Amino acid sequence: MTAAATFDVAIVGGGLVGCSLAAALSRTVPAPRVALIEAMPIRTSAPAWDERCIALNAGSRRILEAIGAWDALSHDAEPILSTHISERGRFGAARFTAEQAGLPALGYNTPLRAINDSLWAHARAAGVTVLCPARLTSLETLADHVHLRLEDDSGPSALRARLLVAADGARSAVRAALALSAETREYEQTALVTAIRTRHPHGGVAYERFLPTGPLAVLPKPRDAAGHACSLVWTVPTAQVAELEALDDATLLSRASTQFGERLGAFLSIGRRQSHPLSRVMNEQLRAPRTVFVGNAAQSLHPVAAQGFNLGLRDAATLAELLAEGGDPGSEARLEAYESQRRRDRTRTADFTDGLVRLFSNSLPGLRGLRHLGLLLLELDTPARDAILRQNLGFGGPVPALARRP
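Residue 411 in my numbering sits at position 406 of the sequence shown; the count goes up by one each step and never skips.
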């Protein structure tokens, strides 16, 4: 690459959303010149029973199919055939099934490794210019382009782009360079993420169990023909996480199994553990001159109901759809259209997840009864049930064109 190579689109952040956007843009005719900039070296890993997974909803599967990335990872994706939502100490539960939704699956619990490998391979094969590892050090916005200064193993370099896309996570370097603000809400909760094997097979059911201290999710994992391997995401107050991390495997399994209940029998074994402090970070704006924000750089959400990456993927699909119209990718009208089209979905999804956290983490008198009643009502055929189902499927609207394909 020359010292100041010119691109139509420069994507800062080669995570799942940034790679998805690069892959989507590569299918545009004519394809724009795209640079994908990632600060961390790309590392590959072998499949493992306890590798970390992420839940893709039905809408996200359609997007990944449309950009050509699904076939390579579909054999690693475990279908979620139904969901079971309950609160400890209450008999009410809400259940949703793929059959009721008229779909082969509500979603797919999929290894991050498989998604990442498929997207990176797709982007490279499509001719995307990959700069990795390369770190953004500064930027300057001019009338017709953004000038980016980078640092890599060989020293400083630069490039020009008519549109800069920030896909660089909740602590966005692009946001910091532009001195833009974001609203941050600390939940004072930490997610303990691992994998478990259970006595009874999961049967394709994803469980969300609300406890007084936070939600505990158990999702079916791939690469286990007998169906006993599950992802475990246990949210606890941050003040308690050190105690849990210090427990030996047998004690932690016993405690988690007691909190979850008896539906899958005893928890028999556990994999590697990771802990992630939880917060909500919401950009006050999704655009700046010749710059847009997508994924966690635009909004980082609590993992309850697994909405975060699915929302970010809809960001990428919407932006790709707008850029496919041709013309100047960084025009003010194009950026305004992106922000306008993403506002409703973004607000709805962020408020939905935040509302769940607040409702089920609050011990005010009377709220337990209301939560119980809400779960019972979701079992009925009501507009509220349909709205929740469509939200979880990724069809709460407006739906990007890439997600509308069957």
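A virtual CB, placed ideally from N, CA and C, is assigned to each residue, including glycine. Just so you know, these numbers come straight off a predicted model, no measurement behind them.
For the segment 36–123, the continuous beta strand (DSSP E) assignments of 3+ residues that do not extend past its boundaries occur at 39–42, 58–62, 83–85, 87–92, 98–102 and 112–116, in sequence order. Taken through DSSP and simplified to helix, strand or coil, aspartate 157 comes out as strand.
Annotated three-state conformation of threonine 33 is coil, per DSSP. Valine 362 sits in a helix when the DSSP states are folded into three classes. For aspartate 253, there is no enclosing alpha helix (DSSP H), as DSSP gives it neither H nor E. With respect to the 8 Å criterion, alanine 9 and alanine 163 are classified as neighbours on the basis of their beta carbons. Nearest neighbour of alanine 28 by Cα position, chosen from Ala311, Tyr343, Glu326 and His207, turns out to be Glu326.
For serine 336, the secondary structure class from DSSP, reduced to helix, strand or coil, is coil. Taking a 10 Å sphere around the C-beta of valine 238, we find 16 or more other C-beta atoms and assign the residue as buried. Per DSSP, alanine 9 lies in no alpha helix (DSSP H) segment; the continuous beta strand (DSSP E) that holds it begins and ends at 9–17. Pairing alanine 321 with valine 299 gives a Cβ-Cβ distance under 8 Å. A straight line joining the alpha-carbon of glutamate 344 with that of leucine 291 spans about 6 Å.
DSSP, read as helix, strand or coil, puts valine 22 in helix. Relative to proline 84, the option among Thr115, Arg93 and Ala74 whose CA is nearest is Thr115. Taking a 10 Å sphere around the C-beta of threonine 203, we find 16 or more other C-beta atoms and assign the residue as buried. Taking leucine 78 as reference, the option from Glu92, Pro52, Pro403 and Arg93 with the minimal CA-CA separation is Pro52. Taking the C-beta atoms as reference points, threonine 199 is found nearer than 8 Å to arginine 278. Counting C-beta pairs with one atom in each stretch, the segment 249–266 and the segment 129–149 have fewer than three that are closer than 8 Å, which means they do not touch. One Cα belongs to leucine 407, the other to threonine 263, and the distance between them is close to 42 Å.
In this structure, glycine 335 places its C-beta atom within 8 Å of the C-beta atom of arginine 295. Linking tryptophan 54 to phenylalanine 314 through their CA atoms gives a straight-line distance of about 22 Å.
In the three-state reduction of the DSSP assignment, histidine 152 falls in the strand class. For the 8 Å CB-CB criterion, aspartate 81 and proline 227 form a contact. Ranked by Cα distance from arginine 347, the options Arg363, Glu337, Leu273 and Leu318 are led by Leu318. Rounded to the nearest angstrom, the gap between the Cα atoms of glycine 174 and glycine 73 is 24 Å. Take threonine 240, set aside five residues on each side of it, and the residues of its chain with a beta-carbon closer than 6 Å to its own are Gln194, Ala196, Gly219 and Pro220, in chain order.
Under the 10 Å beta carbon count, valine 34 is surrounded by fewer than 16 other beta carbons and is classified as exposed. Taking all protein chains in view, the Cβ of alanine 261 is crowded by 16 or more other Cβ atoms within 10 Å, so the residue is classified as buried. Contact between the segment 98–114 and the segment 55–62 is present: 3 or more CB-CB pairs across the two stretches fall below 8 Å. For threonine 189, the enclosing beta strand (DSSP E) has its first and last residue at 187–203. Between valine 362 and leucine 324, the C-beta spacing is not below 8 Å. When secondary structure is reduced to three states using DSSP, leucine 147 falls in the coil class, being assigned neither helix nor strand. Leaving aside the five residues that flank serine 305 on each side, the residues in its chain whose CB is nearer than 6 Å to its CB run, in chain order, Ala175 and Val286.
Around the beta-carbon of proline 308, 16 or more other beta-carbon atoms lie within 10 Å, marking it buried.
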